[in-house]
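Novice: My questions will all concern the structure given below.
Shown next as structure tokens:
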């Protein structure tokens with residue numbers, strides 16, 4: 001606040017604005033952004049040169065005597081492998097046209113597409129400014145090794161270079177006549193000389209955006225800044241060049257007051273605010289860059305002849321055999337062929353404990369192999385990998401609009417028009433009714449109104465919170481599909497959970513063996529496992545695996561026959577062995593009733609029970625169950641503690657098994673033998689009752705209910721259909737992720753409210769102060785320079801407050 005000295009009442013500032021090069025089948029480089037090939041594909045008019053042979057599909061160097069070659073359009077092309085040859089032969093033109101080099105067919109390199117953080121519907125190739133708000137566009141998907149933001153570099157240069165001129169012109173204007181003996185009547189001309197490069201060169205981007213806002217009929221912060229700076233500078237130029245055109249009411253001390261220092265300081269402070277804001281905004285992409293940085297740059301491929309070589313990750317093909325040594329990252333998604341190790345998946349799932357991997361187990365690209373050596377087969381590369389999909393989901397969520405933003409958008413749409421009207425009324429009110437020189441007071445106060453009322457804090461209030469929160473959540477294995485999911489999750493009071501794969505592991509595991517009198521439990525298990533060696537059924541795998549874990553010596557079955565749905569028959573060690581349910585026992589004429597009570601007890605524990613008969617006599621029971629995840633009880637307790645007071649299990653499994661699992665977990669509402677349509681109707685019924693429903697599932701049968709729920713939660717270990725139907729995906733498939741996501745939701749919405757409240761309060765107080773409503777009571781006016789500083793500080797404060805979410809809601813361990 002300053003005293004009403006129109007010659008020195010001044011200025012303002014600041015803005016508030018805020019692969020796989022792959023093989024053309026759509027796979028992108030694992031480094032997180034589509035990259036151009038490192039070579040130029042030869043065209044039919046430019047055959048390969050023997051000295052620099054390149055595979056036209058993947059770009060690898062190729063020996064001139066490579067056995068993989070073909071002729072097309074009169075030219076011979078050689079390839080690194082039969083796979084590249086096959087791809088080229090299927091569609092040569094796709095690999096020879098220059099356009100194909102830019103990105104896989106039908107895709108635009110994400111790194112080249114830019115969008116506005118306030119208006120995500122604005123998309124264009126390359127950087128620029130938003131036609132709606134004038135804000136600097138930023139990449140849809142940040143690059144791992146991106147250079148400095150060109151606008152940040154430009155604004156910093158425009159801020160620092162003319163800063164000395166701003167300082168001198170302000171010193172002269174605020175000196176109270178100290179320099180008059182030296183400058184005399186040339187004072188105004190000296191100020192004009194000093195202020196002009198600041199305003200016209202330093203502030204040139206502001207005037208460009210001001211003109212665009214007028215041309216696009218989209219009033220925004222630059223409309224206010226451009227108008228305010230232009231009015232102060234233009235008025236001062238006329239007052240210097242032709243002071244006689246002004247009436248006496250504009251004169252003070254024998255000359256017309258000029259406000260060059262106000263215009264210059266507003267420009268400099270606005271540039272400073274933009275520099276600080278752009279630096280803060282760049283940090284909101286840190287989470288995605290961290291994800292992109294997880295991917296290794298190379299993979300060690302095992303060739304068909306047994307030799308090994310390190311190749312760029314972009315040259316990995318599906319089906320390639322790769323070696324992953326201790327301490328190395330898994331290059332792509334695939335399956336273990338040989339070896340065993342513990343793999344640290346915490347960077348993608350948030351789970352701190354390494355996961356044991358052996359032959360047949362799936363591995364995720366970018367996870368860390370901690371101990372043993374592995375040989376794996378590549379299955380998914382480029383944009384198909386879990387890491388690439390996570391990056392895309394996070395980027396999509398960060399650019400979505402929060403429902404809460406709609407109110408701010410409606411307000412901002414009229415805000416600039418209202419502010420311009422208030423500025424006009426301020427000018428007229430002071431000019432007609434203010435103290436002398438009234439019109440000078442009117443001009444400077446109108447400029448202060450225009451400058452302080454920047455709507456960018458309002459526009460950035462929710463987008464910045466969403467960007468930071470979704471990035472933070474992704475590092476914890478929680479993927480929000482959009483901002484609406486973040487807002488809705490905190491309101492959920494009812495959770496419907498599937499059993500298999502959600503509460504339980506989703507695959508059978510050995511549960512128990514019970515032997516009839518005269519038999520040993522290990523012998524019962526040994527005979528059952530020996531017979532089951534010939535079966536591909538998951539229950540058989542669990543039984544055989546347990547027997548081997550116990551070190552039991554299995555016999556090779558002399559015969560084997562599977563009876564669909566009821567069990568298996570065969571001969572082991574010269575004896576007839578039958579393993580199956582009661583229907584199979586009845587079919588064989590075996591009396592099993594002595595074991596009926598024990599079998600029912602096992603079923604009440606949630607297990608599937610098989611009876612074993614040897615030479616027509618029931619000798620024992622073997623039980624296999626889908627075990628409850630170790631983290632499920634903790635997750636359910638945490639969810640109840642966070643306000644989800646109603647948890648319902650709805651599963652397609654039998655009611656007896658479902659109730660057994662529900663009893664163990666303290667879930668009172670249990671629905672068994674539920675069809676997909678029933679789950680969908682259950683969600684709809686609960687919503688009609690006024691409940692806010694979240695549905696957690698992992699299968700195709702869960703997709704309709706996931707889509708209908710207020711928040712659908714897909715287990716990342718489940719199907720792609722389930723994940724595409726859900727608003728929230730838990731990479732680990734651990735229900736504790738819902739509790740973490742709920743905490744993030746609560747923190748994020750609180751952060752949005754803080755930002756919006758700050759933006760509204762700031763403008764509600766700032767505009768009246770700038771208009772001079774307190775002058776009759778205090779004798780003070782708000783300098784345009786102070787208004788400029790406050791305006792920039794508001795935007796930076798909103799972004800800084802949003803960045804606090806990077807530390808919110810640590811993942812459950």
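In full-length UniProt numbering, the protein residues as written are 1 to 813.
C-beta atoms are modelled at their ideal positions from N, C-alpha and C, and glycine is treated no differently.
(1) Cα separation between residue 137 and residue 154?
(2) When the distance is taken between beta carbons, is residue 394 closer than 8 Å to residue 474?
(3) With 16 other CB atoms within 10 Å as the buried threshold, where does residue 549 fall?
(4) In whole angstroms, what is the alpha-carbon distance linking residue 526 and residue 512?
(5) Is the distance from the Cβ of residue 563 to the Cβ of residue 580 below 8 Å?
(6) Going straight from the alpha carbon of residue 89 to that of residue 316, what length do you get?
(7) Should the segment 241-249 be regarded as contacting the segment 122-135, the criterion being three or more beta carbon pairs within less than 8 Å?
(8) Quick one: using the 10 Å Cβ neighbour count with 16 as the cut-off for buried, is residue 305 buried or exposed?
(9) Taking buried to mean at least 16 other C-beta atoms within 10 Å of its own C-beta, is residue 357 buried or exposed?
(10) Using the beta-carbon count (16 or more within 10 Å), is residue 35 buried or exposed?
(11) The beta strand (DSSP E) with residue 561 in it runs from where to where?
(12) Would a C-beta distance cut-off of 8 Å place residue 508 and residue 625 closer than the cut-off?
(13) Taking only three categories from DSSP, how would you classify residue 591?
(14) For residue 592, does the count of other Cβ atoms within 10 angstroms reach 16, so buried, or fall short, so exposed?
(15) Taking only three categories from DSSP, how would you classify residue 149?
(16) Tell me where the alpha helix (DSSP H) around residue 611 begins and ends.
(17) For residue 754, I'd like the list of residues in its chain whose CB is within less than 8 Å of its CB, leaving aside the five on either flank, ordered along the chain.
(18) In this structure, how does DSSP classify residue 795 when only helix, strand and coil are distinguished?
(19) According to DSSP, residue 310 sits in a beta bridge with which residue or residues?
(20) Exposed or buried, what is residue 240 when buried is set at 16 or more other beta-carbons lying within 10 Å of its beta-carbon?
(21) Decide yes or no for the touch test of the segment 331-343 against the segment 378-387: beta carbon pairs closer than 8 Å, at least 3 of them.
(22) Would you mind sorting residue 180 into buried or exposed? The rule is 16 or more other CB atoms within 10 Å of its CB.
(23) Whole angstroms is fine: what's the gap from residue 818's alpha carbon to residue 280's?
(24) Give me the Cβ distance between residue 273 and residue 791, rounded to the nearest whole Å; I'm assuming they're in contact under 8 Å.
(25) Taking residue 233 as part of the alpha helix (DSSP H), name the residues at either end of that continuous run.
(26) Quick check: the segment 643-655 against the segment 663-672, are at least 3 beta-carbon pairs closer than 8 Å?
(27) Could you check whether the segment 410-426 touches the segment 219-228, counting it as contact only if at least three pairs of C-beta atoms, one from each stretch, sit closer than 8 Å?
(28) Jot down the residue ranges of each uninterrupted beta strand (DSSP E) in the segment 490-515, minimum 3 residues, whole runs only, in chain order.
(29) Candidates 178, 495, 319: which alpha carbon is nearest residue 709's?
(30) Is the Cβ-Cβ distance between residue 258 and residue 282 less than 8 Å?
(31) Counting only the same chain and skipping the five closest in sequence on each side, list residues whose C-beta sits under 8 Å from that of residue 639.
(32) Quick one: residues in its chain with C-beta nearer than 7 Å to the C-beta of residue 559, no 5 flanking neighbours on either side, listed in chain order?
(33) Kindly indicate the opening and closing residues of the alpha helix (DSSP H) around residue 597.
(34) Any idea which residues DSSP pairs residue 570 with across the strands?
(35) If we call anything under 8 Å between Cβ atoms a contact, is residue 322 one with residue 378?
(36) In chain order, what residues of the same chain lie with their CB nearer than 6 Å to the CB of residue 194, ignoring the 5 residues before and after it?
Specialist: Well, looking at it:
(1) Taking the straight line joining both Cα atoms gives about 14 Å.
(2) Yes, the pair counts as a contact, with Cβ atoms nearer than the cut-off.
(3) So residue 549 counts as exposed.
(4) Cα-Cα distance, rounded: 13 Å.
(5) A contact, by the Cβ cut-off of 8 Å.
(6) Within the model, the alpha-carbon separation for residue 89 versus residue 316 is close to 19 Å.
(7) Cβ pair count under 8 Å is below three, so no.
(8) Exposed, by the Cβ-count rule.
(9) Label assigned to residue 357: buried.
(10) At residue 35 the pLDDT is 32, less than 50, meaning the model places this residue with poor confidence; the figure from the coordinates comes in the next sentence. Buried: at least 16 other Cβ atoms inside 10 Å.
(11) Element bounds for residue 561: 559-563.
(12) Taking a C-beta distance under 8 Å as the contact criterion, residue 508 and residue 625 qualify as a contact pair.
(13) Residue state, collapsed to three classes: coil.
(14) By the beta-carbon neighbour count (other beta carbons within 10 angstroms, threshold 16), residue 592 is buried.
(15) In this structure, residue 149 counts as coil in the three-state DSSP scheme.
(16) Residue 611 -> not in any alpha helix (DSSP H); beta strand (DSSP E) instead, spanning 607-614.
(17) Within the same chain, residue 754 has close Cβ partners 801.
(18) Residue 795 falls in the helix class under three-state DSSP.
(19) DSSP, once it has assigned bridges, lists 300 as partnering residue 310.
(20) Buried.
(21) Verdict: yes, contact present.
(22) Around the Cβ of residue 180, a 10 Å sphere holds fewer than 16 other Cβ atoms; the residue is exposed.
(23) Any question about residue 818 goes unanswered here, given that the chain covers just 1 to 813.
(24) That belief holds up - the Cβ atoms of residue 273 and residue 791 are roughly 7 Å apart, short of 8 Å.
(25) Here the alpha helix (DSSP H) through residue 233 covers 221-241.
(26) Output reads yes: the segment 643-655 touches the segment 663-672.
(27) Output reads yes: the segment 219-228 touches the segment 410-426.
(28) As far as the segment 490-515 is concerned, its whole beta strand (DSSP E) runs of at least 3 residues are 494-497, 509-515.
(29) For residue 709, the nearest C-alpha among the options comes from 495.
(30) No, the Cβ-Cβ distance between residue 258 and residue 282 is not below 8 Å.
(31) If the five residues before and after residue 639 are omitted, its C-beta is found closer than 8 Å to the C-beta atoms of 495, 647, 735, 738, 739, 742, all from its own chain and listed in chain order.
(32) Closer than 7 Å at the Cβ level, and outside the excluded window around residue 559, lie 570, 571.
(33) From DSSP, the alpha helix (DSSP H) with residue 597 extends over 596-604.
(34) DSSP output for residue 570 lists 560, 577 as bridge partner(s).
(35) With contacts defined by Cβ atoms closer than 8 Å, residue 322 and residue 378 form a contacting pair.
(36) Beyond the five residues adjoining it in sequence on each side, residue 194 comes within less than 6 Å, by CB distance, of 165, 168, 169 in the same chain, given in chain order.
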